[in-house]
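Residue numbers (our numbering): 3 to 463.
Quick look at the structure:
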């Protein structure tokens, strides 16, 4: 079998793999990506991008169904073409994927179609249905194979009554009742989406709050908002699921719920199967490949980035890891991934976004802090746009004024968090941020007001 040789071969063309490929090619490395499906991975095809298209539709549907009179709109016989809603999401995904395909050609990156597997310390074979279509040699290999939805013991996905986000994104019809097990970002986003179109939704979360890793003030605000939308939330309780003739029966504590479907949103496991890891001594544990601070595996010339290494399961982290690894392989890496400055975003409405330490984490560490808060309720831009739920909460070190944590609940939270990332990454302090002028009227002014509040001199409080 004839083989080509590359400086870098990447298994997986998702947001980690394709970004690593582009950066490696920019730095003069001969690069190939092995991908069995569409470029863009879960993010562009089944996650980040198409879900945001769905959530925008949900936002419009909510306004049309519940807030039309407030906006001076009247109509009879409101209807939604739900098939078109889903198709628009797929069209958006396809458009972005084509953009990535163009970038591969622009950067002269070879895309090899098929599933890849290490067959030697410097060789990858690729093909489909277990049949090798070709083989390539590499100086360096980057594993960027991503992850897939995790099921629960005794509760496997069947695609009909027990579904994952794959099926939840392309339903043939709206379920009347849906139970979501898992109150993380995926669970909350799909709860908002289905609720907006009229499905009766219940979220069951084993831990004590929605979005368990977020600041508790934020999760309480989100729960209040969900309650107003009549999304049922049960926390601190395990769920027992039984299939019935017509759907599912879910028991959570003393409550029993009859529903059409259960959406399992309980996490991700890495795609580590059939990569040749055991054959070449590449260590993995609990479904994720073990890596060091530069994403090196236990094999000298193999790196692992993105969801498959299990560090932080976010697309932008995968992309950043890809850039750092590519620069490292080219001999020009100047930084590591700063895991203290990673933004986390949930795109339901109100949105939730955060960075750094929560207030509880600061207390556990015994840190002396100053906390500033600013509610959107009286905020000019928020009132004008009818989006005045939520607040900005900023946590600064009391002695030096460094930003320790930023927590935002509100309509533009996932955009506003970028200011916190820039501040954290550039070592800005509450004193320098307090002097930074913010355009008026913007939602971002709330960041400025929260900073002033931490200093005890808020203007609009």
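For every residue, glycine included, the Cβ atom is placed at its ideal position computed from N, Cα and C.
Being a predicted model, the structure only gives us computed values, none of them experimental.
Worksheet entry | Neighbourhood of residue 446 by C-beta, 7 Å cutoff - its chain only, sequence neighbours within 5 removed | 418, 421 and 440
Fill in: Coarse secondary structure for residue 151, derived from DSSP in three states
strand
Worksheet item: How big is the Cα-Cα spacing for residue 153 and residue 457?
Response: 47 Å
Discussion item. Once the 5 residues before and after residue 252 are set aside, which same chain residues still bring their CB inside 6 Å of it?
Written reply: 181, 241, 243 and 259
Worksheet item: Does the stretch 210 to 218 come within contact of the stretch 344 to 357, defined as at least 3 CB pairs closer than 8 Å?
Response: yes
Worksheet entry | Beta-bridge partners of residue 203, as assigned by DSSP | 180
Worksheet item: To the nearest angstrom, how far is it from the Cα of residue 81 to the Cα of residue 159?
Response: 32 Å
Practice prompt. Check whether the Cβ atoms of residue 171 and residue 281 sit closer than 8 Å, and answer yes or no.
Written response: no
Fill in: residue 128, buried or exposed, once every other Cβ within 10 Å from all chains shown has been counted against 16
buried
Practice prompt. Under 7 Å Cβ to Cβ from residue 52, same chain only, skipping five residues before and after it: list those, please.
Written response: 91, 92, 94, 95 and 171
Worksheet item: Which residue comes first and which comes last in the alpha helix (DSSP H) that contains residue 373?
Response: Where residue 373 is concerned, there is no enclosing alpha helix (DSSP H), although the beta strand (DSSP E) it sits in stretches over 371 to 377.
Item to complete: Kindly indicate the opening and closing residues of the alpha helix (DSSP H) around residue 117.
Response: From DSSP, residue 117 is part of no alpha helix (DSSP H) but of the beta strand (DSSP E) over 117 to 122.
Worksheet entry | Residue environment, residue 338, which counts as buried when at least 16 other CB atoms sit within 10 Å | exposed
Item to complete: Taking 8 Å as the cut-off, decide whether the C-beta atoms of residue 267 and residue 167 are in contact.
Response: yes
Worksheet item: Is DSSP giving residue 402 helix, strand or coil here?
Response: coil
Item to complete: Taking residue 310 and residue 274 to be in contact with their CB atoms under 8 Å, please state how far apart those CB atoms are, rounded to whole angstroms.
Response: 6 Å
Worksheet item: For the candidate residues 44, 15 and 40, whose alpha-carbon lies nearest to that of residue 33?
Response: 15
Item to complete: Taking residue 38 as the reference, give the member of 97, 322, 26 and 135 with the closest Cα.
Response: 135
Worksheet item: Exposed or buried, which one is residue 403 when buried takes at least 16 other CB atoms within 10 Å?
Response: buried
Practice prompt. Would you list, in sequence order, the uninterrupted alpha helix (DSSP H) runs of no fewer than 4 residues that lie entirely inside the stretch 21 to 72?
Written response: 43 to 48 and 50 to 64
Discussion item. Helix, strand or coil, according to DSSP, for residue 311 in the structure here?
Written reply: helix
Item to complete: Would you mind stating whether residue 361 and residue 373 have Cβ atoms separated by less than 8 Å?
Response: yes
Worksheet item: For residue 143, does the count of other Cβ atoms within 10 angstroms reach 16, so buried, or fall short, so exposed?
Response: buried
Discussion item. According to DSSP, residue 112 sits in a beta bridge with which residue or residues?
Written reply: 34
Worksheet item: So, using beta-carbon positions, are residue 239 and residue 212 closer together than 8 Å?
Response: no
Worksheet item: Can you tell which of 195, 27, 110 and 97 has the C-alpha that lies nearest to the C-alpha of residue 84?
Response: 195
Worksheet item: Is residue 368 near the ligand PLP, with its Cβ less than 7 Å from a heavy atom?
Response: Ligands in the displayed structure: none, and consequently the ligand PLP is not present.
Practice prompt. Sort out for me which residues DSSP pairs residue 351 with in a bridge.
Written response: The partner list for residue 351 (beta bridge, DSSP) is empty, contrary to what the question assumes.
Practice prompt. Pick helix, strand or coil for residue 258, following the three-state DSSP scheme.
Written response: strand
Item to complete: Determine the contact status of residue 30 and residue 146, defining contact as a CB-CB distance below 8 Å.
Response: no
Worksheet item: Helix, strand or coil: which one does DSSP assign to residue 189?
Response: helix
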